[in-house]
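Structure first, then comments.
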Amino acid sequence: MNKSNPSYTSLLQERQARRHMVRRLLYRDKTLVLILLMAALVGLVGMLFEKAVNGVQAWRLAALAVLPQHAWL
């Protein structure tokens, strides 16, 4: 009934083309994508490490700023 409609056949061809493209993407070598993801992960860990170091430095400086006002000194 709808199979004779030209828009239906063009829609079916587009759907098959999309499926073929997705299959080709899934079976392709993913080394470059993995390298990109690992680089993003390393960058994220490096940024978090830098923020942690800055936090420790700020905490130590705040502790040293309180030290001269301590009652024992």
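If you number the sequence shown the way the numbering used here does, the last residue is 152 and the count never jumps.
For each residue, glycine too, the CB sits at the ideal point set by N, CA and C.
Small disclaimer: the values here were computed from a predicted structure and weren't measured.
*Roughly how many whole angstroms lie between the Cα atoms of residue 96 and residue 126?*
Rounded to the nearest angstrom, the gap between the Cα atoms of residue 96 and residue 126 is 42 Å.
*Tell me whether residue 99 sits in a helix, a strand or coil according to DSSP, three-state version.*
DSSP places residue 99 in helix when its eight states are reduced to three.
*Under three-state DSSP, which class holds residue 150?*
In this structure, residue 150 counts as coil in the three-state DSSP scheme.
*May I ask you to report which of helix, strand or coil DSSP gives residue 80?*
Here the model assigns residue 80 a pLDDT of 49, short of 50, so the residue's position is not dependable, and the following value carries that caveat. In this structure, residue 80 counts as coil in the three-state DSSP scheme.
_For residue 129 and residue 123, what's the separation of their Cα atoms in angstroms?_
Going by the C-alpha atoms only, they are around 10 Å apart.
*Roughly how many angstroms separate the alpha carbons of residue 116 and residue 146, rounded to a whole number?*
Cα-Cα distance, rounded: 45 Å.
*Under a three-way DSSP split, which group does residue 94 fall into?*
Helix, per DSSP.
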